[in-house]
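Just so it is clear: in the sequence shown, position 89 is 106 by the working numbering, and no numbers are missing.
Scroll down for the structure; my scribbles are underneath it.
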Amino acid sequence: MADLWNSAQGRRLRLQLFERDRKANAPCRWCPDPIDYSLGPYTRGGDVMAWSPEHVKPRSLYPQLALEPTNIVAAHFHCNSSRGTRAGVNEMGTPSRAW
Ligand SMILES: [Zn+2]
């Protein structure tokens, strides 16, 4: 199956989502710290506290939602990479903000 998320279409969508979240000053999905949108979208080797797109329903299980904007929320790259790839983590529903 084609990897839509890493296609030209997916890259365009990421920029649109960054603009959406920047305008809304959207918070990180995982932690209470604000996202510094002046850093721009995360790029490889860049600041790990930069914005990155987080799929609420993981692409591995829901490839048909890879390019669905309502399935994609803001997260720090650091938080995204340390939590988002663990199996099952995305299936737990709304994460608590209390911790
Ligand atoms: Zn975070």
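Think of the CB as a built atom: it goes at the ideal place given N, C-alpha and C, for glycine as much as any other residue.
Contact under 8 Å by Cβ, residue i with residue j
i, j, result
"residue 22", "residue 100", "no"
"residue 94", "residue 59", "yes"
"residue 70", "residue 32", "no"
"residue 76", "residue 83", "yes"
"residue 88", "residue 65", "no"
"residue 25", "residue 91", "no"
Paired residues, beta bridge with residue i - DSSP
i, result
"residue 70", "91"
"residue 58", "68"
Host alpha helix (DSSP H) of residue i (start-end)
i, result
"residue 38", "25 to 41"
Neighbour flag for residue i against chain D, beta carbons, 8 Å
i, result
"residue 37", "Absent from the structure is chain D; it holds one protein chain and no more."
- Message: Residues around ligand 1, please: the ones whose beta-carbon is closer than 5 Å to some heavy atom of it, in chain order.
- Response: My final list is 45, 47, 48, 93 and 96.
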